[in-house]
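Peer 1: Could you have a look at this structure, given as structure tokens, before my questions?
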Amino acid sequence: MNETFDPRKQQQLPAYSAISEALNPKAFAGVGSKTGDELFHHAGLATSMFEQIQDEVVQLFDQLCGGTFGHISPMGEIIGATSSFNVKMDLVTQAAKSFLADEKQQDAVLRWLKLARKASVVRNKIAHGRPISVHFAFDGHDRHGVFWAPSLFDTRKAGWPQRRSAEWEFCWNGDQIREYSSAFQSVYAMLMTVREQLAGLGEESIPAVLDPERM
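Here's what the structure looks like:
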């Protein structure tokens, strides 16, 4: 029998602050890839990993609304079928506020959902990016190689090498995309853990994931 993949068996459960930090904008690194193929590979893995977050959000919504753990109800199937991740997030957020009587648990769940929204912002940038070849000196640093960048540049601004440093927050090399993919995996693992802890069905009790002061 094939065992279901569980990312939590690969590593210790990460802290909330560590995941949030991993999802922050990354600096424009100096060394890119040799070709765009590597970046397409990492971008594909990242977007695929994010799909697991979407699935977990639907299951958490279903459980908060009184569904049976491990089974998707008709209500869960309805929100699972919607194409908008933001709609899913609005619904599961409202479910947490409506059905979690314990204020600490509610606060903890809302914080984990906040990380899912943060991951969604990064996922969208990755999904709508493309490889570009870069070789120039800027801010005293030499940047060269192939990077993952926005599909379109704003032609109303000066040439893109002269744009402000803050506008380079979305121009990543392969290692940086892989780091985001790892952060997506962590968000997925923690949402799964939260759902199990709420249901009282986890392999072990991990009260810290539902305690805002210990997350």
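Those letters in the sequence shown? Residues 90 to 304, per my numbering, in order.
A virtual CB, placed ideally from N, CA and C, is assigned to each residue, including glycine.
Give the C-beta separation of V181 and V146 to the nearest angstrom, bearing in mind that I take them to be a contact with Cβ-Cβ under 8 Å.
Peer 2: Residue 181 sits at position 92 when you count from the first residue of the sequence shown. Residue 146 sits at position 57 when you count from the first residue of the sequence shown. The pair is a contact, with the Cβ atoms about 5 Å apart (cut-off 8 Å).
Peer 1: Would you mind stating whether A278 and L102 have Cβ atoms separated by less than 8 Å?
Peer 2: In the sequence shown, the residue the question calls residue 278 occupies position 189. In the sequence shown, the residue the question calls residue 102 occupies position 13. Cβ distance < 8 Å, so A278 and L102 count as in contact.
Peer 1: Okay, do the region 189-199 and the region 160-169 touch, 3+ Cβ pairs below 8 Å being the bar?
Peer 2: No, the region 189-199 does not touch the region 160-169.
Peer 1: Going residue by residue through the region 178-206, where are the continuous beta strand (DSSP E) segments of at least 3 residues, counting only ones entirely within it?
Peer 2: If we require 3 residues or more, the region 178-206 turns out to have no beta strand (DSSP E) run fully inside it.
Peer 1: Quick check on DSSP: helix, strand or coil for G125?
Peer 2: In the sequence shown, residue 125 corresponds to position 36, counting from 1. Residue state, collapsed to three classes: helix.
Peer 1: Going by alpha carbons, who is nearest to F158 out of M304, W261, E285?
Peer 2: Here residue 158 corresponds to residue number 69 of the sequence shown, with the count starting at 1. Answer by Cα proximity: E285.
Peer 1: Would you call T124 buried or exposed, if buried means 16 or more other Cβ atoms sit within 10 Å of its Cβ?
Peer 2: Taking the first residue of the sequence shown as 1, we reach residue 124 at position 35. Label assigned to T124: exposed.
Peer 1: Out of E110, H224, F150, V283, which has the shortest C-alpha to C-alpha gap to A184?
Peer 2: Counting from one through the sequence shown, the residue named residue 184 turns up at place 95. Looking at the Cα atoms, F150 is the closest of the given residues.
Peer 1: Bridge partners for P220 per DSSP, in chain order?
Peer 2: The residue you call residue 220 lines up with position 131 of the sequence shown. According to DSSP, P220 bridges with W237.
Peer 1: Consult DSSP for R303 and reduce its assignment to one of helix, strand or coil.
Peer 2: By 1-based counting over the sequence shown, the position of residue 303 is 214. Coil at R303, not helix or strand.
Peer 1: Using 10 angstroms around the beta-carbon of S122, count the other beta-carbons present and answer buried if the total reaches 16, otherwise exposed.
Peer 2: Indexing the sequence shown from 1 puts residue 122 at position 33. It counts as buried.
Peer 1: Within its chain, find whatever has a CB closer than 6 Å to the CB of K207; leave out the 5 residues flanking it on each side and keep chain order.
Peer 2: Here residue 207 refers to the residue found at position 118 of the sequence shown. Answer for K207: L112, listed in chain order.
Peer 1: Note down, in chain order, each residue of its chain lying with its Cβ closer than 7 Å to the Cβ of L199, except the 5 sequence neighbours on either side.
Peer 2: The sequence position of residue 199 within the sequence shown is 110, counting from 1. Correct list, in chain order: T182, A185.
Peer 1: Just grab the DSSP bridge partners of V120 for me.
Peer 2: Reading the sequence shown from its first residue, position 31 is the one you call residue 120. In the DSSP output, where bridge partners are listed per residue, V120 has H233.
Peer 1: With distances taken between CB atoms, is the gap from L134 to S270 smaller than 8 Å?
Peer 2: The residue labelled residue 134 in the question sits at position 45 within the sequence shown. The residue labelled residue 270 in the question sits at position 181 within the sequence shown. Cβ distance < 8 Å, so L134 and S270 count as in contact.
Peer 1: Taking the straight line between their C-alpha atoms, what separation do you get for E110 and L202?
Peer 2: For this step, residue 110 is matched to residue 21 along the sequence shown. For this step, residue 202 is matched to residue 113 along the sequence shown. So the alpha carbons of these two residues sit roughly 15 Å apart.
Peer 1: To which residues of the same chain is S209 closer than 7 Å at the C-beta, ignoring the five residues directly before and after it?
Peer 2: Working through the sequence shown from its first residue, we reach residue 209 at position 120. Excluding positions up to five away in sequence, the list reads F174.
Peer 1: In its own chain, which residues sit with a C-beta less than 6 Å from the C-beta of G291, not counting the 5 before and 5 after it?
Peer 2: Taking the first residue of the sequence shown as 1, we reach residue 291 at position 202. So the qualifying residues of the chain are E285.
Peer 1: Check whether the Cβ atoms of L299 and V276 sit closer than 8 Å, and answer yes or no.
Peer 2: Here residue 299 refers to the residue found at position 210 when the sequence shown is read from its first residue. Here residue 276 refers to the residue found at position 187 when the sequence shown is read from its first residue. Taking 8 Å as the Cβ cut-off, L299 and V276 do not qualify as a contacting pair.
Peer 1: Considering A170, what are the terminal residues of the alpha helix (DSSP H) in which it resides?
Peer 2: For the purposes of this step, residue 170 is taken as the residue at position 81 of the sequence shown. First-last of the alpha helix (DSSP H) with A170: 163-170.
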